[in-house]
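Worksheet: one structure, shown below.
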Amino acid sequence: MLVGLDRLPRLPSVTSRLNRTRFGVLAHPASVDRGIEHIGDVLARIGAKPALFFGPEHGYGGEAQDMVDVPHARDKRTGAPIISLYGDNFEDLSPRPEHLASIDVLLIDLADIGTRYYTFVWTALLATRAAAKAGVPVILLDRPNPITGSRRAVEGRTQAPGFLSFVGLEPIPVRHSLTIGETVALFARREGIPLGDALSIVTVEGWDREKYADTWDRPFVMPSPNMPTCCTAIVYPGGCLLEGTNLSEGRGTTRPFEIVGAPWLDGHQLAQGLRATGLQGFVARPLTFRPTFQKHAGQICGGVQIHVADRMTFRPVATYTALVALARRQNPQSFAFRTERYEYIDTIPAFDLLTGSDQARRAIEAGEDARSIAEFVSTPDPAWPDVMAEASAALQEAAI
Numbered sequence: 173m174l175v176g177l178d179r180l181p182r183l184p185s186v187t188s189r190l191n192r193t194r195f196g197v198l199a200h201p202a203s204v205d206r207g208i209e210h211i212g213d214v215l216a217r218i219g220a221k222p223a224l225f226f227g228p229e230h231g232y233g234g235e236a237q238d239m240v241d242v243p244h245a246r247d248k249r250t251g252a253p254i255i256s257l258y259g260d261n262f263e264d265l266s267p268r269p270e271h272l273a274s275i276d277v278l279l280i281d282l283a284d285i286g287t288r289y290y291t292f293v294w295t296a297l298l299a300t301r302a303a304a305k306a307g308v309p310v311i312l313l314d315r316p317n318p319i320t321g322s323r324r325a326v327e328g329r330t331q332a333p334g335f336l337s338f339v340g341l342e343p344i345p346v347r348h349s350l351t352i353g354e355t356v357a358l359f360a361r362r363e364g365i366p367l368g369d370a371l372s373i374v375t376v377e378g379w380d381r382e383k384y385a386d387t388w389d390r391p392f393v394m395p396s397p398n399m400p401t402c403c404t405a406i407v408y409p410g411g412c413l414l415e416g417t418n419l420s421e422g423r424g425t426t427r428p429f430e431i432v433g434a435p436w437l438d439g440h441q442l443a444q445g446l447r448a449t450g451l452q453g454f455v456a457r458p459l460t461f462r463p464t465f466q467k468h469a470g471q472i473c474g475g476v477q478i479h480v481a482d483r484m485t486f487r488p489v490a491t492y493t494a495l496v497a498l499a500r501r502q503n504p505q506s507f508a509f510r511t512e513r514y515e516y517i518d519t520i521p522a523f524d525l526l527t528g529s530d531q532a533r534r535a536i537e538a539g540e541d542a543r544s545i546a547e548f549v550s551t552p553d554p555a556w557p558d559v560m561a562e563a564s565a566a567l568q569e570a571a572i
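173 is the number of the first residue of the sequence shown in my numbering; add one for each residue after it.
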């Protein structure tokens, strides 16, 4: 299998263009080829020197935790500036005109996790929009979806009007089965951005859309500090929902998003409740843990670890939605939905932004059946396969 970066040195039309123009690079630590060589080193090897770099959430070097502002910096190896696309305001998420004025081409290589909330795909789309407005062509190096591109894997209701945000900039299922290239091409074409001109994509070759990242012929490289393994990525479409609550999502442990809990939670009771839902494909193992940072840092928490036993039947969005409902039912006095600012929005609860409406939160607060709520949140739009076909067609229009 060859990802976009693997193919880049073999495309003289692209490499010669980079060698003779001023170009910028939007990338992060997982922007590596099959030999685990970072894009910065690949470009140096082919004699292409970026004029500047852009870094998404967590930074170009990937050091920052979630929702932590990242300052501008300078690349120690090349001396080129690193422009942060994750600052105090929503406007900071896009390249500014003065940055784009200093380049003739923008090269994008970001590893996505196949989940609506994961912000890198939206950074890529915002950068593409800004570049198109400034007349700067974009070359996007595509990568496969690590939790498969299978239509059977699609899960999660599309956002209702009024619930779009940086954790879902456009209407899309939670687990969408698209690549970052397909997603950007889809919305770029809908917005009239010329494909193959303003946006070109170096596509993936040899990818089996049914395969997970841990079956590829390359190691999994963590794209953000709390995404260490393919197993993390598999549970993430559900596990990220915990960010909208006061439950620990396992940050500060060695198994983020798989480990869930709170000081007031009974893990055995929670595991029993999850078994009773009849949801398949996983085992909820009761445990206690002490997070080293973020929620409940230094406190012993009761909870569960979600062990995926069957990837074909496991539905992460349904499973974790039911988990949230059961946790609140167990201790409604201690459980709380997050009300603080979340990804630049302070007027809509984070859980609503993540689930795509306020219906699930209200149903949980009303004490409705956990399995029924889970089915509501996890059932995708039946028209999504048609949108996937549209995205595939858009990718081919932009393909190099």
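Where is the CB? At the ideal position from N, CA and C, for every residue including glycine.
**Request:** Consult DSSP for residue 184 and reduce its assignment to one of helix, strand or coil.
**Result:** helix
**Message:** Just to confirm before moving on: does the CB-CB distance between residue 295 and residue 229 stay below 8 Å?
**Reply:** yes
**Request:** Taking only the alpha-carbon atoms, compute the straight-line gap between residue 554 and residue 430 and give it to the nearest angstrom.
**Result:** Residue 554 and residue 430: Cα-Cα distance of roughly 29 Å.
**Through-space distance from residue 262 to residue 504, alpha-carbon basis** = Taking the straight line joining both Cα atoms gives about 34 Å.
**Message:** Is the separation between the beta-carbon of residue 550 and that of residue 340 shorter than 8 Å?
**Reply:** no
**Prompt:** In the DSSP assignment, what residue or residues form a beta bridge with residue 337?
**Reply:** Paired residue(s): 340.
**Request:** Return yes when the Cβ of residue 357 is within less than 8 Å of the Cβ of residue 373, no when it is not.
**Result:** yes
**Item:** 7 Å Cβ shell around residue 416 - same chain, five flanking residues per side excluded
**Value:** 509, 510, 521, 522, 523, 526
**Asked** So residue 222 packs on residue 245, CB below 8 Å; how close in whole Å?
**Response** Rounded to whole angstroms, the Cβ separation of residue 222 and residue 245 is 14 Å, and the two are not in contact under 8 Å.
**Item:** Exposed unless 16 or more other CB atoms sit within 10 angstroms - verdict on residue 421
**Value:** By the Cβ neighbour-count rule, residue 421 is buried, with 16 or more other Cβ atoms within 10 Å of its own.
**Asked** Nearest CA to the CA of residue 241: which residue from 259, 255, 248?
**Response** 259
**Straight-line gap, residue 557 to residue 323 (C-alpha atoms, nearest Å)** = 7 Å
**Request:** Report all residues from its chain with a CB closer than 6 Å to the CB of residue 212; omit the five preceding and five following residues, and keep chain order.
**Result:** none
**Asked** Straight-line CA distance for residue 517 to residue 455?
**Response** 35 Å
**Item:** Span separating the alpha-carbon of residue 371 from that of residue 351
**Value:** 15 Å
**Message:** In this structure, how does DSSP classify residue 406 when only helix, strand and coil are distinguished?
**Reply:** helix
**Request:** Starting from the Cα of residue 199, find the closest Cα among 293, 276, 570 and give me that residue.
**Result:** 293
**8 Å contact criterion, which residue 365 and residue 480 should meet: CB distance rounded** = The Cβ separation is near 38 Å, so there is no contact.
**Prompt:** Considering only the beta carbon of each residue, do residue 432 and residue 458 sit closer than 8 Å?
**Reply:** no
**Member of 424, 314, 195 whose CA lies at the smallest distance from the CA of residue 571** = 314
**Item:** Spatial distance of residue 425 from residue 369 (CA atoms)
**Value:** Each residue's Cα considered, the two are about 45 Å apart.
**Residue ranges of each alpha helix (DSSP H) within the segment 400 to 481, 4 or longer** = List check, alpha helix (DSSP H) in window: 402 to 411, 439 to 449.
**Request:** Sort 393, 536, 355, 272 by Cα distance to residue 207 and report the nearest one.
**Result:** Closest in alpha carbon position to residue 207, among 393, 536, 355, 272, is 393.
**Request:** Could you name the residues of the same chain whose beta carbon sits closer than 6 Å to that of residue 311, not counting the 5 residues immediately before and after it, in chain order?
**Result:** 279, 372
**Request:** Check the C-beta distance from residue 501 over to residue 539 and give it rounded, since I have them as a contact under 8 Å.
**Result:** 6 Å
**Request:** Starting from the Cα of residue 247, find the closest Cα among 309, 185, 197 and give me that residue.
**Result:** 197
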